[in-house]
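Visitor:
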Amino acid sequence: MANFRTHISVAAGIGAAATSYGLYIGLWPLAHAPSLVVLSALGGVMPDIDADKSRSVRLIFTVLAVAAAFIALSIGRAYFSMAVVLCIALALYVGIRDVVSLIFKFATRHRASWHSLLAAGGTSAATAALSYHFFAQSPRLAWIDGGALCLGMLIHLILDECFSIDLEGARLKRSFGTALKFFDYQRPVATTLMLGATVALWPWLPPSPYAPTATRAHCPTAQVTSASAEYPHHAELSYSR
Ligand SMILES: [Zn+2]
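Residue numbers for the sequence shown follow the working numbering, beginning at 440 and rising by one.
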């Protein structure tokens, strides 16, 4: 399998190229471009979240812990004092980075469920939901964020398979076929749990960006600005009724 440096640099490189092209044809604003490259790079190491000793695990759980602390800060300040919110954010940061990662280590097996298209789809859907609800992105940009993570994960799976081919010996290594698969065929319980978690995300997914009223129903403060910026005619439709 490819190592950490190969995964992150290839995913970041392809992510940067795709982001530049999207920027060139006007798919997203310049301000959004850095987050797309970061998401692609993160997706590039995400499947190795199940590799107990890899650097990917530490990086992924640190990013998740920072995101959780940020979300706690942005939501909690409306309900609690600043001191309480800081304590919650700190607890989340330490809990996710040191406790959840430890539980994850014992509960998962390398090259199993997380090396699959199901994991790529589920994680990307979760990214789109987080981006929409907690980072106030429009439905279109939230789906694009999910797509950037999905791109990185697909690059990882393809790279792992490429490194399973022994060109000099003209043979396939035993690991061939264990990375790029639809789901983990050998562990039905883990696969069912992952599928269930993905389906359970359905109510939180951003609406289709092509829907005539693609506004931010769950985030009233960002509804007008975000929808107006990307879909001025849609925003007018929503508020003129
Ligand atoms: Zn891998």
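Don't be surprised by glycine CBs; every beta carbon is placed ideally from N, CA and C.
(1) Locate the alpha helix (DSSP H) running through residue 510, then write down its first and last residues.
(2) Quick one: is residue 624 buried, meaning 16 or more other Cβ sit within 10 Å of its Cβ, or exposed?
(3) Cβ of residue 646 within 7 Å of Cβ of residue 578?
(4) State buried or exposed for residue 599, treating a residue as buried only when at least 16 other CB atoms are found within 10 Å of its CB.
(5) Give the list of continuous alpha helix (DSSP H) stretches no shorter than 4 residues that lie fully inside the region 550–578.
(6) Could you check the C-alpha separation between residue 527 and residue 498 for me, to the nearest Å?
(7) In angstroms, rounded to a whole number, what distance separates the CA positions of residue 560 and residue 637?
(8) Could you spell out the range, first to last residue, of the alpha helix (DSSP H) harbouring residue 461?
(9) Between the region 537–552 and the region 509–522, can you find at least three pairs of beta-carbon atoms closer than 8 Å?
(10) Rounded to the nearest angstrom, what separates residue 447 and residue 455 at their Cα positions?
(11) Confirm, please, whether the CB-CB distance from residue 555 to residue 585 is below 7 Å.
(12) Hey, how far is the Cα of residue 523 from the Cα of residue 539?
Guide: On the basis of the data shown:
(1) Residue 510 sits at position 71 when you count from the first residue of the sequence shown. Start and end: 494–515.
(2) Start at 1 with the first residue of the sequence shown, and residue 624 comes out as number 185. Its Cβ having fewer than 16 others within 10 Å, residue 624 is exposed.
(3) Position 207 of the sequence shown, counting from 1, holds the residue named residue 646. Position 139 of the sequence shown, counting from 1, holds the residue named residue 578. Their beta carbons are under 7 Å apart, which means residue 646 touches residue 578 by this criterion.
(4) Here residue 599 is taken as the residue at index 160 of the sequence shown, counted from 1. Around the Cβ of residue 599, a 10 Å sphere holds 16 or more other Cβ atoms; the residue is buried.
(5) Uninterrupted alpha helix (DSSP H) stretches at least 4 residues long and entirely within the region 550–578 occur at 556–573, given in chain order.
(6) Indexing the sequence shown from 1 puts residue 527 at position 88. Indexing the sequence shown from 1 puts residue 498 at position 59. Those two C-alpha atoms are separated by around 21 Å.
(7) Counting from 1 along the sequence shown, the entry for residue 560 is found at position 121. Counting from 1 along the sequence shown, the entry for residue 637 is found at position 198. In this model, residue 560 and residue 637 are separated by some 8 Å (Cα to Cα).
(8) Taking the sequence shown and counting its residues from 1, one reaches residue 461 at position 22. Residue 461: member of the alpha helix (DSSP H) spanning 443–463, first to last residue.
(9) No: fewer than three Cβ pairs fall under 8 Å.
(10) Looking up residue 447 in the sequence shown gives position 8. Looking up residue 455 in the sequence shown gives position 16. Distance between the alpha carbons of residue 447 and residue 455: 12 Å.
(11) Mapped onto the sequence shown, residue 585 falls at position 146. Mapped onto the sequence shown, residue 555 falls at position 116. Judged by their CB atoms, residue 585 and residue 555 are not nearer to each other than the 7 Å cut-off.
(12) The residue given as residue 523 occupies position 84 in the sequence shown. The residue given as residue 539 occupies position 100 in the sequence shown. When only Cα atoms are considered, residue 523 and residue 539 end up about 22 Å apart.
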